[in-house]
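So the structure is just underneath, and the comments pick up after that.
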Amino acid sequence: MSDTPVLTPAAQATRKRGLPVGGARRKGDTRTGRGFGFVLPYLPFLVAFGILPMIYAITLAFTTRKGKFIGLKNFTQAGNDFRFGPSFEHVFVYTAVWLAALIVFVVGLALVLHGRAGRASSTFRFLYYIPGALAGAASVLVWLFMLDPGVSPGTFLLHILGSHLFVESIAPGHLPFIFAMIAFWTGAGGWIVVLHGALNTIPHELEEAARIDGAGPVTIALRLKLPMIGKWIAYMVILSFATGTQLFVEPQLVNEASLGMVPDTWSSNQLAYQLAFRYGKFNEAAAVSVDLLLIGLIAAVIIVTRTGLFRRED
Amino acid sequence: MRLVTVRTLRFLLLAVFAVFFVAPMLWLLLAPTKSDNGLVTSNPFAFGSFHQIALAWDHLDGFSSHIYRRWIANSLLYAVSATLIVLVTAIPAGYGLALGTFRGRKTILTLTLVVMIMPAAALVLPIFLELNALKLIGSVLSVILPFAFYPFGVYIAYIYYSTSMPRDVLDAARIDGCGEWTTFRRIALPLAKPVIALVLFFSFVADWNNFFLPYAVLAKSSQYPIQVGLSNLLSSTPSFNPAVGGGGQQVNIFRPELALATLIAVVPVLIVFMLSQRSLVRGLLGGGVKE
């Protein structure tokens with residue numbers, strides 16, 4: 000249950016249907032400044048925990064401890080750290096695996112579910128959604144159990160995959176796949192619900208027309224439905240890409256459960272954290288987190304300005 | 000004939016995924032009913048006994064002088080107080096952004112959207128560095144205040160007020176002599192009940208499940224929320240960490256205790272889910288907030 004903006008398919012539909020849009024500034028409405036008082040209590044939070052941290056991290060990243068501007072030196076220094084390359088590599092492999100799983104299975108399941116009759120479909124959607132309650136450390140713990148051949152209900156699967164001991168399950172080469180699976184387990188259900196909502200906004204007549212023209216359910220799913228939810232899939236992919244690069248809790252917990260076999264700088268965010276906490280290198284830590292921040296920021300700006308999924312003006 | 004096979008295949012596919020999503024939850028639900036040895040020897044989905052649950056709880060509760068209760072209480076404190084602030088700030092902000100005409104409205108809206116879509120984890124270290132400069136690290140406020148910033152809540156309220164709020168009703172209230180505040184409190188706020196439930200749910204869950212921020216900004220284990228507490232518990236159990244427990248510090252935390260700790264940590268999310276379910280079902284499954 001991430002804070003995925005799940006409401007917008009309907010909001011879009013509402014807009015298309017031309018229901019009253021309240022925010023429209025009327026012609027001749029010359030009063031300015033109305034409504035600012037309502038936003039006022041929220042502003043300090045937006046500034047203090049949204050905007051200032053970014054500005055401060057960027058400032059730190061380009062200066063020395065004493066505040067002297069040094070250009071990109073913190074970035075090159077952090078980049079030359081022997082842990083920097085592997086940490087980004089890990090994160091990108093993980094993100095790639097996760098995105099592939101999301102695109103194939105979430106889109107596939109959403110399409111299959113949308114072709115089914117109401118009750119069965121909503122039961123499945125609910126079952127898929129439940130693990131969302133276990134985001135964070137709880138989900139990682141559950142999967143540590145699932146990967147422990149001693150207690151896992153899937154022991155036979157683990158054996159097929161060649162692991163007979165817990166340490167074999169969490170071998171470094173497996174980690175990107177394991178983390179992708181955990182992320183998929185907790186988040187896929189939410190996305191299926193979102194895509195289902197988007198599929199519901201496709202006018203029924205279109206589907207009917209295609210059926211009359213002789214299209215089967217598979218053709219309708221792939222040729223009609225899929226293109227119509229394209230921007231939602233794009234949104235899911237961009238957002239998940241940005242989220243994936245920020246990986247922290249999963250490797251951190253596996254580090255604690257693996258006697259240090261998995262380094263505590265496995266992901267880039269962990270590296271930034273260790274640079275700040277263990278080594279007190281705040282400026283280098285800021286440089287790494289600005290790298291990550293940029294990925295998130297660019298993804299967010301693309302989604303807001305390019306996909307047209309979010310209402311910004313009326 | 001062919002139709003039947005397609006249907007069967009489709010059902011099989013859906014069922015396989017249902018097992019993947021549900022089986023771990025089911026296992027977790029049953030694990031505390033068994034001893035650590037029982038977990039290894041008996042069927043993974045067999046029920047043990049209620050007595051084992053009580054035993055597991057005693058061990059868990061005894062860990063580090065009742066610190067588990069403390070973690071749950073901390074999580075409640077952080078999530079509830081932050082969510083209250085979110086409700087008080089985000090609902091009016093969404094209203095103001097949807098119906099206001101003030102200068103800078105679009106800028107605030109765009110900034111809100113961008114920060115909302117950015118992964119929350121991207122801001123944790125910057126927030127940590129900022130709080131560190133302000134010497135706020137280690138304070139409870141360093142968790143609650145960042146939690147209280149929840150742009151998604153503002154966006155939900157904004158979407159609701161800009162799509163579903165009949166402007167004429169508001170104008171009528173104004174003509175009847177209501178001031179801006181009275182119009183909001185008497186008309187706009189009562190109409191937004193389903194939205195309030197949605198914001199409450201998403202904000203509470205996001206705060207409850209957040210690991211990275213409290214992990215970074217809190218110093219003492221007595222201040223940890225449950226998510227960070229779970230990681231602390233994990234590193235204290237010999238089940239995954241054979242180096243622990245062999246030494247002088249003997250703890251009774253094994254896999255059943257760990258499973259129980261995880262299970263209890265999910266309960267508040269489920270309760271809030273039930274409480275806001277009606278609005279959620281309308282908002283999530285039904286397809287959105289509409290009239």
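Those protein sequences? They're chains Z and L, same order as listed. Using numbering that gives the first Met the number 0, read the first sequence as starting at 0 and increasing by one per residue. Using numbering that gives the first Met the number 0, read the second sequence as starting at 0 and increasing by one per residue. A virtual CB, placed ideally from N, CA and C, is assigned to each residue, including glycine.
Taking G135 of chain Z as the centre and dropping the five residues before and after it, the same chain places the C-beta of V248 closer than 8 Å to its C-beta, in chain order. Contact check between the segment 259 to 270 of chain Z and the segment 52 to 66 of chain Z: fewer than three CB pairs, one atom from each, fall below 8 Å, which does not count as touching. Taking 8 Å as the threshold, the shortest C-beta distance from A284 of chain Z to chain L falls below it.
Residue-level contact by beta carbon fails for I143 of chain L and chain Z, as no gap is shorter than 8 Å.
Between the alpha carbons of L296 of chain Z and R305 of chain Z lies a gap of roughly 14 Å. From the listed residues Z:L194, Z:I159, Z:F176, the smallest Cα separation to W142 of chain Z is found for Z:F176. With a beta-carbon spacing of about 7 Å, V166 of chain Z and S257 of chain Z fall inside the 8 Å limit used to define contacts. For A187 of chain Z, same chain residues with a beta-carbon under 6 Å away, outside a window of 5 residues either side, are V105 in chain order.
Contact with chain L is found for L126 of chain Z, since one of that chain's Cβ atoms lies less than 8 Å from the residue's Cβ. Per the C-alpha coordinates, the member of Z:K280, Z:G243, Z:Y278 positioned closest to W97 of chain Z is Z:G243. Close partners of I129 of chain Z in chain L (Cβ separation under 8 Å): F20, V21, M24. With 16 or more neighbouring CB atoms inside 10 Å of its own CB, E283 of chain Z falls in the buried class.
Under the 10 Å beta carbon count, V217 of chain Z is surrounded by fewer than 16 other beta carbons and is classified as exposed.
Distance from the Cα of L140 of chain Z is smallest, within the candidate group L:M115, L:V250, L:I263, for L:I263. With its beta carbon less than 8 Å from one in chain L, M145 of chain Z belongs to the interface. Taking CB atoms only, G32 of chain Z has a neighbour in chain L less than 8 Å away.
DSSP places W142 of chain Z in the uninterrupted alpha helix (DSSP H) bounded by 136 to 145. In this structure, the CA atom of D167 of chain L is about 16 Å from the CA atom of A191 of chain L.
Taking a beta-carbon distance threshold of 8 Å, S288 of chain Z counts as an interface residue toward chain L. Linking I252 of chain L to L86 of chain L through their CA atoms gives a straight-line distance of about 38 Å.
Listed in chain order, the non-local C-beta contacts of R104 of chain L below 7 Å within the same chain comprise L96, local neighbours out to five positions each way being set aside. Fully contained in the segment 79 to 123 of chain Z are the following alpha helix (DSSP H) runs of length 4 or more, in chain order: 83 to 100, 106 to 113. Distance from F123 of chain Z to L112 of chain Z at the Cβ level is roughly 6 Å; contact confirmed, criterion being Cβ atoms closer than 8 Å.
With 16 or more other CB atoms across the displayed protein chains lying within 10 angstroms of its CB, P145 of chain L is buried. In the structure shown, the three-state DSSP call for T58 of chain Z is helix. Less than 8 Å divides the Cβ of Q51 of chain L from the Cβ of S34 of chain L. At least 8 Å separates the CB of Q76 of chain Z from every CB of chain L. Note that the segment 70 to 78 of chain Z does not touch the segment 118 to 129 of chain L; fewer than 3 beta-carbon pairs, one per stretch, sit closer than 8 Å.
The beta carbon of V303 of chain Z sits closer than 6 Å to the beta carbons of F309 from its chain, once the five residues preceding and following it are set aside; these are given in chain order. F239 of chain L carries a coil assignment under DSSP once its states are collapsed to helix, strand and coil.
Taken in chain order, the members of the segment 74 to 108 of chain Z whose beta-carbon sits within less than 9 Å of a beta-carbon on chain L are F104, G107, L108. Boundaries of the alpha helix (DSSP H) harbouring L259 of chain L: 254 to 274, taken from the DSSP string. DSSP, reduced to helix, strand and coil, places F309 of chain Z outside both helices and strands of the structure shown, so it counts as coil.
Using a CB distance cut-off of 8 Å, A182 of chain Z does not count as an interface residue toward chain L. Taking a contact as a CB-CB distance under 8 Å, the pair Q269 of chain Z and Q251 of chain Z counts as one, their CB atoms being some 6 Å apart. The beta carbon of E129 of chain L sits closer than 8 Å to some beta carbon of chain Z.
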